[in-house]
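Chemist:
In the numbering used here, the protein residues as written are 15 to 413.
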């Protein structure tokens, strides 16, 4: 083999390796989002306005973080000793004390009401939430290894984190080396990774986990019981962390808490379970084609532009713009001509049923809704009518 051929082959191997693993060195430490902001001021300013930056807020520093009371349902409700809010801008808000234990109350954004939650006190932020609601989180407990459901239920958990909230380094990896010597080669840019690895950066939290795989044996670990991919680094493939025994891509007929009978997700933060079933995924699209945490237009959905007026969808599907009514069979100014109402119907429960959109991008027909006993795209708007009514209307369109 000629030397030039060897050199090219070596370069290809090197590029493939960096595209697969990202660029953050093993010795890199977390520097904190504020450090990132000294050079990336615009991105930092926008990030501060997003839900990622406001996932957990100290109520003493920001008293307005607590949603105002509107009305109450029966049950033990208390704000006593609250130090932190968790969420609150999209679906729900929960409340933690200084020791990170949860209060027995939840604010539902859509219905504007407080409801009882966590009455048994079983939810634990260190055990269940820290891996996705903070950056650089490491969980510990008094019963290591957690190798049984019994230990998982009884153990006392604690942990450490580099930063509360979903900071810059949650998506770009530890940045200390980049802070000391800013180079593109010593920080991860998810947008520059391969499709699967780019999506994996988001999916570390937008996927449901239980038992991550052991990297050596390729079997579900018995030392974990995590709701996030413990040990994941940006640039890894999320598939290496999904346990074979929990939350697979559901085939038709797999019903229960997590999926409708057609395989569509019915529980929240399962975008990675939905996306690979879509034509968008098969066409090579990644999350950052539609979403951005660095855009002034991000808003509550973190989209590059507002999806509710079709502008986001038109960036790729411009052919539908001038024939919108023909395509939707609805008035152009109605919700029935809004792309996400049909292609991303609210069939998922976050705080209430149903307040979160599917990511299969499939129009769920009323026929499918009847067949699988699930919500459909038509009746999420036409709530006062039946699925059978919707079937008859759609048949009339074909005449």
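Beta carbons are placed, not taken as given, at the ideal position from N, Cα and C, and that holds for glycine. Computed from a predicted model, the values in this text were never measured in an experiment.
1. Could you tell me the boundaries of the alpha helix (DSSP H) in which residue 158 lies?
2. Between which two residues does the alpha helix (DSSP H) holding residue 408 run?
3. Determine whether the beta carbon atoms of residue 308 and residue 57 lie at a separation below 8 Å.
4. Measuring CB atoms only, is the stretch 332-349 touching the stretch 359-374, in the sense that at least three cross pairs come out at less than 8 Å?
5. Give the DSSP bridge partners of residue 130, in chain order.
6. Three Cβ pairs or more, each shorter than 8 Å: is that satisfied between the stretch 156-168 and the stretch 190-207?
7. Just reading off the alpha helix (DSSP H) that residue 296 is part of, what are its end residues?
8. Mind checking who residue 279 pairs with in its DSSP beta bridge?
9. Where does residue 363 fall in DSSP's three states?
10. Pick helix, strand or coil for residue 248, following the three-state DSSP scheme.
11. As a quick exercise: from 364, 393, 240, pick the residue whose alpha carbon is nearest that of residue 138.
12. Look up residue 71 in the DSSP assignment and say whether it is helix, strand or coil.
13. Among 398, 365, 376, 49, whose alpha-carbon lies nearest the alpha-carbon of residue 189?
14. Which term fits residue 55, buried or exposed, when burial requires 16 or more other beta carbons within 10 angstroms of its beta carbon?
15. Is the CB-CB distance between residue 282 and residue 370 below 8 Å?
16. Using 10 angstroms around the beta-carbon of residue 131, count the other beta-carbons present and answer buried if the total reaches 16, otherwise exposed.
17. Could you tell me how far apart the beta carbons of residue 101 and residue 242 are, in whole angstroms, since I believe they sit closer than 8 Å?
18. Once DSSP output is grouped into helix, strand and coil, what is the label at residue 58?
19. State yes or no: is the C-beta of residue 181 within less than 8 Å of the C-beta of residue 46?
20. Can you give the Cα-Cα distance for residue 384 and residue 323, rounded to whole angstroms?
21. Taking only runs that begin and end inside the stretch 142-212, name each unbroken beta strand (DSSP E) of 3 or more residues, in chain order.
22. With burial defined as no fewer than 16 other Cβ atoms inside 10 Å of the residue's Cβ, what is the status of residue 400: buried or exposed?
23. Specify, as a first and last residue, the run of the alpha helix (DSSP H) that residue 342 falls within.
24. State the DSSP-derived secondary structure class of residue 101, mapped to helix, strand or coil.
25. Determine the DSSP secondary structure at residue 109, reduced to helix, strand or coil.
26. In the DSSP assignment, find the alpha helix (DSSP H) that holds residue 357 and state where it starts and stops.
27. Of the choices 278, 302, 328, whose alpha-carbon is the least far from that of residue 373?
28. Identify, in the order they occur along the chain, each residue of the same chain with its Cβ nearer than 6 Å to the Cβ of residue 407, setting aside the five sequence neighbours on each side.
29. Identify whether residue 138 lies in helix, strand or coil by the three-state DSSP scheme.
30. DSSP beta-bridge partners for residue 322?
31. Quick one: grab the DSSP three-state call for residue 370.
32. Looking at the unbroken alpha helix (DSSP H) that takes in residue 286, where does it start and where does it end?
33. Buried or exposed: where does residue 291 fall if 16 or more other Cβ atoms within 10 Å of its Cβ makes it buried?
34. In whole angstroms, what is the alpha-carbon distance linking residue 171 and residue 117?
35. Is it buried or exposed for residue 135, if we count other Cβ within 10 angstroms and need 16 for buried?
36. Do you know how far the Cα of residue 318 is from the Cα of residue 60?
Modeler: Considering the structure as presented:
1. Stepping through the chain shown from its first residue, residue 158 is reached at position 144. Run containing residue 158: none; DSSP gives neither H nor E here.
2. Taking the chain shown and counting its residues from 1, the one referred to as residue 408 is at position 394. 401-411 is the extent of the alpha helix (DSSP H) around residue 408.
3. Reading the chain shown from its first residue, position 294 is the one you call residue 308. Reading the chain shown from its first residue, position 43 is the one you call residue 57. The answer is yes: Cβ separation under 8 Å.
4. no
5. The residue labelled residue 130 in the question sits at position 116 within the chain shown. In DSSP, residue 130 forms a bridge with 119.
6. no
7. What you label residue 296 is simply residue 282 of the chain shown in a count that begins at 1. It spans 293-296 - the alpha helix (DSSP H) in which residue 296 sits, taken as one unbroken run.
8. Taking the first residue of the chain shown as position 1, residue 279 is located at position 265. Paired residues: 273.
9. Here the question's residue 363 lines up with position 349 in the chain shown. DSSP places residue 363 in strand when its eight states are reduced to three.
10. As a working mapping, residue 248 is identified with position 234 in the chain shown. Note: residue 248 maps to strand in three-state DSSP.
11. Counting from one through the chain shown, the residue named residue 138 turns up at place 124. Looking at the Cα atoms, 240 is the closest of the given residues.
12. Here residue 71 refers to the residue found at position 57 when the chain shown is read from its first residue. Residue state, collapsed to three classes: strand.
13. Residue mapping note: residue 189 aligns to position 175 of the chain shown, counting from 1. Considering only alpha carbons, the answer is 49.
14. Here residue 55 is taken as the residue at index 41 of the chain shown, counted from 1. With fewer than 16 other Cβ atoms within 10 Å, it is exposed.
15. On the chain shown, position 268 is the one that residue 282 refers to. On the chain shown, position 356 is the one that residue 370 refers to. Yes, the Cβ-Cβ distance between residue 282 and residue 370 is below 8 Å.
16. Counted from its first residue, the chain shown places residue 131 at position 117. Counting Cβ neighbours within 10 Å, residue 131 comes out buried, since at least 16 surround it.
17. One-based indexing of the chain shown puts residue 101 at position 87. One-based indexing of the chain shown puts residue 242 at position 228. Not confirmed; about 16 Å, so no contact.
18. Position 44 of the chain shown, counted from the first residue, corresponds to residue 58. Here residue 58 sits in helix by DSSP.
19. For the purposes of this step, residue 181 is taken as residue 167 along the chain shown, with counting starting at 1. For the purposes of this step, residue 46 is taken as residue 32 along the chain shown, with counting starting at 1. Closer than 8 Å, so yes.
20. Position 370 of the chain shown, counting from 1, holds the residue named residue 384. Position 309 of the chain shown, counting from 1, holds the residue named residue 323. Each residue's Cα considered, the two are about 29 Å apart.
21. 152-155, 171-174
22. By 1-based counting over the chain shown, the position of residue 400 is 386. With fewer than 16 Cβ atoms within 10 Å of its Cβ, residue 400 is classed as exposed.
23. In the chain shown, the residue the question calls residue 342 occupies position 328. Looking at the DSSP string, the run of the alpha helix (DSSP H) that includes residue 342 is 338-342.
24. Position 87 of the chain shown, counted from the first residue, corresponds to residue 101. DSSP places residue 101 in strand when its eight states are reduced to three.
25. Start at 1 with the first residue of the chain shown, and residue 109 comes out as number 95. Note: residue 109 maps to strand in three-state DSSP.
26. For the purposes of this step, residue 357 is taken as the residue at position 343 of the chain shown. Note, residue 357: alpha helix (DSSP H), 353-357.
27. Position 359 of the chain shown, counting from 1, holds the residue named residue 373. Among 278, 302, 328, the Cα nearest to that of residue 373 belongs to 278.
28. Counting from 1 along the chain shown, the entry for residue 407 is found at position 393. Taken in chain order, the list of residues that qualify is empty.
29. In the chain shown, residue 138 corresponds to position 124, counting from 1. Correct three-state label for residue 138: strand.
30. Against the chain shown, residue 322 aligns to sequence position 308. DSSP lists no partner for residue 322.
31. Here residue 370 corresponds to residue number 356 of the chain shown, with the count starting at 1. Residue 370: strand per DSSP, three-state reduction.
32. As a working mapping, residue 286 is identified with position 272 in the chain shown. Per DSSP, residue 286 belongs to the alpha helix (DSSP H) from 285-288.
33. For this step, residue 291 is matched to residue 277 along the chain shown. Classification for residue 291: buried.
34. As a position in the chain shown, residue 171 is number 157, starting the count at 1. As a position in the chain shown, residue 117 is number 103, starting the count at 1. For residue 171 and residue 117, the distance between alpha carbons rounds to 17 Å.
35. One-based indexing of the chain shown puts residue 135 at position 121. So residue 135 ends up on the exposed side.
36. Counting from 1 along the chain shown, the entry for residue 60 is found at position 46. Counting from 1 along the chain shown, the entry for residue 318 is found at position 304. The straight-line gap from Cα to Cα measures roughly 12 Å.
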